[in-house]
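Worksheet for the structure shown next.
Numbering (the numbering used here), first residue to last: 2 to 521.
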């Protein structure tokens, strides 16, 4: 409550307004007051740009796919290893990112450290290209991956710390939109940067690629500066408002895995087999549109980024729609079916690919809004950290494996077989959704109830939990009253009634064993 009162303006119980408004604290204006919206808007802007560099550079290989293949003289399998090496560290780090932020580094130092990993990783990737050393580029992607996913956790932690309450959903949606903006800008500008670098050098070679990637590093440096700035403002707000550092709140306990219900494992299965049909396709999509639909490189980059362009504005809107309607399983099922239809159109027809890619963008946004919140409906709150960590870990494992498999299929069989492979993955996801529907129906779960009914069920569950807690407290009190007193306690009670002065550390109702050292 103290943090809420400090950070949400206009509520009762605001802490020590005079101490905040004193000129010595630097809060003479609204822009310098951590409780007021202008200051918090500055923090929100820094928060959104915190992950901009990470998302911009993550898909550098997709934006420059043809240049990577020709300049580094590699095949598609080797090219897709750049994505696999990003995912490998996050198979493990998804479990410990929150722990490192909470218990080891703290949110401010942790954010700076993870931003440094992103910067250093991108510099190593660019240096590997400049030296024509692909193994060094893979090492750079590994380092980049160490910071990338954990930086997203830090970004969410800052959001919770500064915007608890009704603003939080809007802030999360805005952060997601900015992330998609970073990916979109990358897809559409990196080709132009490469062309300018080639014109400057007079040729297209690995040096041109390295210079282009080094220029992209500037976005990571910008995000690092945002991390430093927000750390300063958060430290300042902590001093002025006497608030604590933000914490992730996710306590990861691997022993909780054995208690996961079947419905949660089905959600994991849907997550893996859906996303492996989206992200690897985007990573390989540019050449696909050039070869099959005779697009120019610029047109291919634009259509390949349409998924992110649509996702930026659509995610908050669709999230609001899912919140109001409920029926999450039906939304997920619809998302998988639309994505399957989009891939089949790309694989077996020559229809305008803009139709399929727009459908893919809408379904991708819808699934994210409907699938991820379902985890909170099937596991208790104390297991949420473990459940989400496990979900992200399995997702990264699937992406790492499928990225290499997709490259191998493309090299040996071509894009048609690759699209059939993606369709097969989506069919597995669809089967998992259908099974999840019947499991939820038979277990009388609330994954597919309306929003209104879910609120009623949650209210009933909360009332029952409160009633059980009252009964438990009453039982404890009754047990304390009927518990027989020891001889030591009886003697002390007798002496106190006679008016004898007993030491303060003596209790009338505890065993003499607790004071054995005193009685010696």
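In this text, a Cβ means the ideal position worked out from N, Cα and C, and glycines have one as well.
Bear in mind the structure is a predicted one, so any value in this text is a computation, not a measurement.
**Item:** Beta-carbon contacts of residue 299 that lie in its chain and below 7 Å, excluding the five residues immediately before and after
**Value:** 192
**Item:** Every unbroken beta strand (DSSP E) inside the region 110-153 [3 residues or more]
**Value:** none
**Prompt:** Mind checking whether residue 391 and residue 277 have CB atoms under 9 Å apart?
**Reply:** no
**Asked** Since residue 67 is in the alpha helix (DSSP H), which residue starts that stretch and which ends it?
**Response** 66-72
**Asked** Exposed or buried, which one is residue 349 when buried takes at least 16 other CB atoms within 10 Å?
**Response** exposed
**Request:** Compute the Euclidean distance between the alpha carbons of residue 61 and residue 187, then round it to the nearest angstrom.
**Result:** 7 Å
**Item:** Residues near residue 501 by beta carbon distance below 7 Å, same chain, minus five either side
**Value:** none
**Message:** Starting from residue 222, trace the alpha helix (DSSP H) in both directions and tell me its first and last residue.
**Reply:** 207-242
**Request:** Could you check the C-alpha separation between residue 292 and residue 355 for me, to the nearest Å?
**Result:** 15 Å
**Asked** Just to confirm, are residue 285 and residue 63 a CB contact at a threshold of 9 Å?
**Response** yes
**Sequence-distant residues of the same chain with beta carbon closer than 7 Å to residue 234, five excluded per side** = 44
**Asked** Less than 9 Å separating the beta-carbons of residue 108 and residue 159?
**Response** yes
**Request:** Can you tell me the Cβ-Cβ gap for residue 215 and residue 53, rounded? I've got them flagged as a contact below 8 Å.
**Result:** With 8 Å as the limit, residue 215 and residue 53 do not qualify as a contact, their Cβ atoms being about 17 Å apart.
**Request:** Take residue 458 and list the residues in its own chain whose beta-carbon comes closer than 8 Å to its own, dropping the five residues that flank it on each side.
**Result:** 447, 450
**Asked** Hey, out of 236, 306, 266, whose CA is closest to residue 190's CA?
**Response** 306
**Request:** Taking the CB atoms as reference points, tell me whether residue 429 and residue 270 lie closer together than 9 Å.
**Result:** yes
**Asked** With 16 other CB atoms within 10 Å as the buried threshold, where does residue 132 fall?
**Response** exposed
**Prompt:** Buried or exposed: where does residue 518 fall if 16 or more other Cβ atoms within 10 Å of its Cβ makes it buried?
**Reply:** Only weak support is given to the placement of residue 518: the predicted model assigns it a pLDDT of 39, under 50, and the value that follows is read from those uncertain coordinates. Its Cβ having fewer than 16 others within 10 Å, residue 518 is exposed.
**Asked** Among residues of its own chain, excluding the 5 on either side of residue 331, which ones have a beta-carbon nearer than 7 Å to its beta-carbon?
**Response** 449
**Asked** Just the Cα atoms here: how many angstroms apart are residue 341 and residue 239?
**Response** 49 Å
**Prompt:** So residue 68 and residue 210 are in contact, right, with Cβ under 8 Å, and what is the actual spacing, rounded?
**Reply:** 6 Å
**Prompt:** DSSP on residue 350, reduced to helix/strand/coil?
**Reply:** coil
**Request:** Report yes if the C-beta distance between residue 394 and residue 105 is below 9 Å; otherwise report no.
**Result:** no
**Prompt:** Could you give the residue range of the alpha helix (DSSP H) that holds residue 1?
**Reply:** Absent from the model: residue 1. The displayed extent of the chain is 2 to 521, so no value can be given.
**Prompt:** DSSP state of residue 284, grouped into three classes?
**Reply:** helix
**Prompt:** DSSP puts residue 327 in a beta bridge; with which residues?
**Reply:** 451
**Prompt:** With 16 as the cutoff for other CB atoms within 10 Å, does residue 288 come out buried or exposed?
**Reply:** buried
**Asked** By Cβ distance, which residues of its chain are closer than 6 Å to residue 313, with the 5 residues on each side in sequence left out?
**Response** 178, 181, 182
**Message:** Comparing C-alpha positions only, which one of 135, 56, 196 sits nearest to residue 223?
**Reply:** 56
**Asked** Looking only at its own chain, which residues have a Cβ that is under 7 Å from the Cβ of residue 49, when we skip the five neighbours before and after it?
**Response** 175, 176, 179
**Asked** Just the Cα atoms here: how many angstroms apart are residue 14 and residue 84?
**Response** Low confidence applies here, because residue 14 scores a pLDDT of 41, under 50, leaving its location unreliable; read the following figure in that light. Going by the C-alpha atoms only, they are around 50 Å apart.
**Prompt:** Roughly how many whole angstroms lie between the Cα atoms of residue 130 and residue 455?
**Reply:** 53 Å
**Asked** Whole beta strand (DSSP E) runs in the region 271-315 with 3 or more residues, listed along the chain?
**Response** none
**Message:** Just to confirm my understanding: we take residue 422, look at its own chain, exclude 5 residues before and 5 after, and list those with CB closer than 6 Å. What are they?
**Reply:** 410
**Request:** Look at the Cβ atom of residue 404, then the Cβ atom of residue 281, and state whether they are nearer than 9 Å.
**Result:** yes
**Asked** Taking the alpha-carbon positions, what's the residue 38 to residue 297 distance?
**Response** 46 Å
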